[in-house]
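What follows is a short report on a single structure.
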Amino acid sequence: MDRQQRLEQPLKRINRNPKSSPTGFEESSPGREEIRFKVFQKRIAQTAEKTGGIVDEKYIAIVAAALERMDETVQRLAKMRDVRKVVDILAVAQPLQQAMRMVAHAWMHLWSMTAAIPKLKALTGDLALEAVVKDNTEAAFYCGKILSDQCYIGTELKHLHGYLDHIMTGEPAVVNGCSEEIFTGALPQKTGGGHTAGPLWFPVHGNAPVSGCAQG
Numbered sequence: 003m004d005r006q007q008r009l010e011q012p013l014k015r016i017n018r019n020p021k022s023s024p025t026g027f028e029e030s031s032p033g034r035e036e037i038r039f040k041v042f043q044k045r046i047a048q049t050a051e052k053t054g055g056i057v058d059e060k061y062i063a064i065v066a067a068a069l070e071r072m073d074e075t076v077q078r079l080a081k082m083r084d085v086r087k088v089v090d091i092l093a094v095a096q097p098l099q100q101a102m103r104m105v106a107h108a109w110m111h112l113w114s115m116t117a118a119i120p121k122l123k124a125l126t127g128d129l130a131l132e133a134v135v136k137d138n139t140e141a142a143f144y145c146g147k148i149l150s151d152q153c154y155i156g157t158e159l160k161h162l163h164g165y166l167d168h169i170m171t172g173e174p175a176v177v178n179g180c181s182e183e184i185f186t187g188a189l190p191q192k193t194g195g196g197h198t199a200g201p202l203w204f205p206v207h208g209n210a211p212v213s214g215c216a217q218g
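Per my numbering, the very first residue in the sequence shown carries number 3; after that it's consecutive.
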């Protein structure tokens, strides 16, 4: 069993379905991930349509740009899946999860502003906002909610692009260097005579031994 086959085993166990095929394994349906993401995109677009004339266009544009980049990333991963680059996909699973989380949060903040801004305007009317929130706790709540929404979209969401940059052009060292020996930390230590002396042990925190990889 080569390296790629070993790393694919956990995925096959997850997708195991004895009734689906003689081998007991079921392949992922082509395009299933893209379809799910398109549904996700559609729901965000529906929310954005309802923000017209309510939410500042600046925040709508930021979310739209983030969603567009996310779509490019999903398409790239789909191509990697089509050529069975499983290890490469696993290597970026964590930043992809974080990126998707940020887009989902931005969606909720956009929806929140769409609901909160009209409520705040109904409470304040033509009065100065500062004068109203000073004595009106409900107005103060909506004001704080809107500011939090704006802060997330205008500041935090911009970190999304760092995650996507990593996914699109990230360091391939973890993929190029992965092996059973490195993953288990069971590299043999070379002795002066060219023989091996079992796993290398080195002290950490006093005399407590910790198994690790050979240094050079």
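Where is the CB? At the ideal position from N, CA and C, for every residue including glycine.
Note down, in chain order, each residue of its chain lying with its Cβ closer than 8 Å to the Cβ of residue i, except the 5 sequence neighbours on either side.
i	result
Ile56	Met115, Thr116, Ile119, Pro120
Ala67	none
Ile169	Thr75, Arg78, Leu79, Val94, Pro97, Leu98, Ala101
Thr25	Any reading at Thr25 must be qualified, since the residue scores a pLDDT of 33, below 50, and its modelled position is unreliable; the value itself is stated next. Answer for Thr25: no residue qualifies.
Could you tell me the distance, in whole angstroms, from the CA atom of residue i to the CA atom of residue j?
i	j	result
Ala106	Thr139	29 Å
Asp137	Thr171	52 Å
His2	Ala124	Any answer about residue 2 is impossible in this case: the structure gives the chain only from 3 up to 218.
Tyr165	Ala175	17 Å
Asp58	Thr157	15 Å
Ala141	Asp167	40 Å
Ser150	Thr49	18 Å
Val65	Lys52	14 Å
Val89	Gly54	43 Å
Leu129	Lys87	60 Å
Phe143	Ile62	22 Å
Leu131	Leu159	27 Å
Ile148	Leu122	9 Å
His163	Val85	25 Å
By alpha-carbon positions, which one of the options ends up nearest to residue i?
i	options	result
Lys40	Val134, Lys60, Leu69, Leu166	Leu69
Ile46	Ala95, Pro97, Trp109, Ile37	Trp109
Ile37	Leu129, Lys60, Leu162, Val76	Val76
Ile155	Gly54, Gly146, Lys60	Lys60
Met72	Leu129, Met104, Glu132, Glu158	Met104
Trp113	Ala130, His161, Gln152, Gly164	Gln152
Closer than 6 Å by C-beta to residue i: which residues in its own chain qualify, once you throw out the five before and the five after it? Chain order, please.
i	result
Gly146	none
Glu29	Interpretation of Glu29 is limited by its pLDDT of 43, a score under 50 that renders its predicted location unreliable; no figure is taken from the coordinates.
First and last residue of the alpha helix (DSSP H) that includes residue i?
i	result
Lys136	131-137
Thr75	59-84
Val105	95-126
Ile169	162-171
Who are the Cβ neighbours of residue i in its own chain at under 7 Å, not counting the five residues just before and after it?
i	result
Arg83	Ile91
Gln43	Leu69, Asp73
Val134	Leu125, Thr126, Ala141
His111	Asp151, Tyr154, Ile155
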